[in-house]
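J.: Counting along the sequence shown from 1, when you hit position 41 you're at 40 in numbering that gives the first Met the number 0, and nothing is skipped either side. Virtual Cβ for every residue (Gly too), placed ideally from N, Cα, C.
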Amino acid sequence: MTTMTAATPTIDVATIPALGHAEAMALAAAEFERVLDLLRSLAPADWTRQTVCELWDVRAMAGHMLGMAEAQASIRQFIHDARSAVRRKSGAMIDEMTATQVRERARLTTDQLIERFAAAAPRAVRARRRVPAPLRSAVRLKQDPPFDTERWSYGFLLDTIFTRDPWIHRADICRATGREMALTPEHDGRIVEGVVAEWARRHGRPFALTLAGPAGGNWRRGDGGDEIELDAVEFCWILAGRALGSVLLSTRVPF
Numbered sequence: 000m001t002t003m004t005a006a007t008p009t010i011d012v013a014t015i016p017a018l019g020h021a022e023a024m025a026l027a028a029a030e031f032e033r034v035l036d037l038l039r040s041l042a043p044a045d046w047t048r049q050t051v052c053e054l055w056d057v058r059a060m061a062g063h064m065l066g067m068a069e070a071q072a073s074i075r076q077f078i079h080d081a082r083s084a085v086r087r088k089s090g091a092m093i094d095e096m097t098a099t100q101v102r103e104r105a106r107l108t109t110d111q112l113i114e115r116f117a118a119a120a121p122r123a124v125r126a127r128r129r130v131p132a133p134l135r136s137a138v139r140l141k142q143d144p145p146f147d148t149e150r151w152s153y154g155f156l157l158d159t160i161f162t163r164d165p166w167i168h169r170a171d172i173c174r175a176t177g178r179e180m181a182l183t184p185e186h187d188g189r190i191v192e193g194v195v196a197e198w199a200r201r202h203g204r205p206f207a208l209t210l211a212g213p214a215g216g217n218w219r220r221g222d223g224g225d226e227i228e229l230d231a232v233e234f235c236w237i238l239a240g241r242a243l244g245s246v247l248l249s250t251r252v253p254f
């Protein structure tokens with residue numbers, strides 16, 4: 000893993016380009032491929048290792064990821080998952096949906112899970128790509144805590160959250176199994192800078208941020224703010240709620 004140096008240019012966070020739909024779909028396809036590569040590399044013992052998500056071992060987390068891909072690929076599957084969650088709802092809606100996804104795929108062998116993921120991923124990207132712009136912008140959806148005061152556009156889910164979710168779970172699985180996460184500036188760096196931009200928007204304060212690794216970089220807003228240096232994946236790990244962060248790092252970002 001590389002380390003950022005003083006020679007790396009510092010970018011004003013306000014100049015980070017917005018993510019367009021076409022670029023978002025390219026990132027989605029690439030992320031699904033990276034997840035598939037990771038799942039195919041797992042040894043039998045890896046599937047039972049506990050992840051940071053206390054209810055899930057690696058096998059259960061992969062079942063959720065498959066479920067999300069299949070729900071993105073099929074409106075019928077999405078409606079089924081949502082209805083199942085409503086019937087069982089005792090907590091957050093998204094938690095009930097993911098529990099349904101894990102439960103209904105628990106009997107698959109790991110080979111079957113990988114095979115179904117390989118089939119579902121390209122269909123999920125095609126379905127997301129085809130959603131028309133008016134629908135992406137007009138539909139607003141209420142969220143669960145800690146973002147329950149917000150309504151996110153369907154486009155934000157399609158273009159951003161549905162790719163951040165497998166990305167952070169790929170990090171979860173790598174940490175649980177002791178693997179190094181495959182990272183490149185072009186793919187992971189673009190995802191990370193989107194997280195940086197949203198984090199900066201949410202807290203609104205000046206800062207100087209240095210993130211190490213292939214997905215890292217240097218960003219700042221204004222002068223005189225907090226100076227933060229972290230590994231890029233660790234930064235996202237904290238903002239996703241996997242670990243506690245103080246001051247500006249206590250600002251949560253959705254994944």
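Contact defined as beta carbons within less than 8 Å: I believe M67 pairs with D143. What is the distance between those atoms, to the nearest angstrom?
T.: At roughly 15 Å, the Cβ-Cβ gap does not stay under 8 Å, so M67 and D143 are not in contact.
J.: Return the residue from the list L18, G224 and T14 that minimises the CA-CA distance to G154.
T.: L18
J.: Using only the alpha-carbon positions, how far apart do R251 and R201 sit?
T.: 8 Å
J.: Looking at C-alpha atoms only, which residue of F31, D56 and V34 is the closest neighbour of P43?
T.: D56
J.: Let me check understanding here. Comparing Cα to Cα, which of I237, A61, I190 and A126 lies closest to L107?
T.: Of I237, A61, I190 and A126, the residue nearest in Cα terms is A61.
J.: What separation, rounded to the nearest whole angstrom, lies between the Cα atoms of I172 and L37?
T.: 8 Å
J.: Just mark F146 as buried or exposed, buried being the case when its beta carbon has 16 or more other beta carbons within 10 Å.
T.: Of the other Cβ atoms in all chains shown, fewer than 16 fall within 10 Å of the Cβ of F146; this residue is therefore exposed.
J.: Taking the CB atoms as reference points, tell me whether A239 and P213 lie closer together than 9 Å.
T.: no
J.: For a test of the three-state rule: what should DSSP assign to E282, helix, strand or coil?
T.: Look at the range of the chain in this structure, 0 to 254, and you will see that residue 282 is not part of it.
J.: If you measure between the beta carbons of S259 and V130, is that distance less than 9 Å?
T.: Nothing about residue 259 can be read from this structure; the chain reaches only from 0 to 254.
J.: Quick check: what's the CA-CA separation for E226 versus R75?
T.: Roughly 47 Å between the two C-alpha positions.
J.: L54 to A81, Cα distance in whole Å?
T.: 20 Å
J.: Kindly list the residues whose CB is nearer than 8 Å to the CB of T162, restricted to its own chain and excluding five residues on each side of it in sequence; keep chain order.
T.: Around T162: A23, L26, A27, E30 and I190.
J.: Going by the DSSP bridge assignment, what does G154 pair with across the sheet?
T.: In the DSSP output, where bridge partners are listed per residue, G154 has none listed.
J.: When the Cα atoms are used, what is the spatial distance from D222 to L210?
T.: Their backbone Cα atoms lie some 18 Å apart in a straight line.
J.: Please list, in chain order, all residues of the same chain as R265 whose beta carbon is under 7 Å from its beta carbon, the five residues on each side excluded.
T.: With the chain covering only 0 through 254, there is no way to say anything about residue 265.
J.: Use the C-beta contact count for P290: other C-beta atoms within 10 angstroms, 16 or more gives buried, fewer gives exposed.
T.: Nothing about residue 290 can be read from this structure; the chain reaches only from 0 to 254.
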